[in-house]
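> The following block contains the structure, expressed as structure tokens.
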Amino acid sequence: VAPTSEGTKNEPFSPRTFRGLGNKGTLPWKCNSVDMKYFSSVTTYVDESKYEKLKWKRERYLRMEASQGGGDNTSGGDNTHGGDNTHGGDNADKLQNVVVMGRSSWESIPKQYKPLPNRINVVLSKTLTKEDVKEKVFIIDSIDDLLLLLKKLKYYKCFIIGGAQVYRECLSRNLIKQIYFTRTNGA
């Protein structure tokens, strides 16, 4: 891949272009409202006409993973959540995307934005409990439990939104199909 020009906003994800994910529970750059609106639009966009095709592809992938001995840990714990809605959010009958984040990423979200609206929020943590989180959010403690939860939920797409440890584990298990990479100047 050839290096991109300075005017280009998107470039391949690689160690050459990667600069960081977060710094002490915050973004390492000034919050950009345009970027936050883009994040929201990407993670809330649903095309219901494509749901059945996506569902079929997901099920095929999960069957293939299970036949190879990966991703089917049936000993996973109860997928606890702060609310009483198994489908997440106040729009249980509405098709939504899933956003998966680690505990630090969850804690960095300002209270007024928790849970992220119009998305099924999943927090991956070995220390948080449903008593710690009052919002309608799933709390799980492993990627295997995430895969089990995703088998049970009706959702459009799943987005891994941070932090570094969650990205690392999902990348090492080849669970990430596409990366949305934001390039900021002067960070």
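Everything in the sequence shown is counted per this note's numbering, starting at 0 for the first residue and increasing by one. C-beta: ideal position from N, C-alpha, C; glycine also.
1. Quick one: using the 10 Å Cβ neighbour count with 16 as the cut-off for buried, is Asn173 buried or exposed?
2. Between the alpha carbons of Glu134 and Gly161, how many angstroms are there, rounded?
3. What is the DSSP secondary structure of Val99, counted as helix, strand or coil?
4. Output the distance between the C-alpha atoms of Tyr50 and Asp92, rounded to the nearest integer angstrom.
5. So Phe137 and Asn117 are supposed to be a Cβ contact under 8 Å. How far apart are they, rounded?
6. Closest by CA to Tyr44, which one among Tyr154, Lys176, Ser171?
7. Do you know offhand how far Ser66's Cα is from Tyr60's?
8. Give every residue of the same chain whose Cβ lies closer than 6 Å to the Cβ of Thr181, excluding the five residues on either side of it in the sequence, and list them in chain order.
9. Which residues bound the beta strand (DSSP E) around Asp62?
10. What is the DSSP secondary structure of Arg167, counted as helix, strand or coil?
11. In or out: Pro109 buried (at least 16 other Cβ within 10 Å) or exposed?
Looking at the coordinates:
1. exposed
2. 19 Å
3. strand
4. 14 Å
5. That belief does not hold up - the Cβ atoms of Phe137 and Asn117 are roughly 16 Å apart, past 8 Å.
6. Tyr154
7. 10 Å
8. Asp34
9. The displayed chain sequence assigns Arg, not Asp, to residue 62. No beta strand (DSSP E) contains Arg62, which is instead part of the alpha helix (DSSP H) from 50-66.
10. helix
11. exposed
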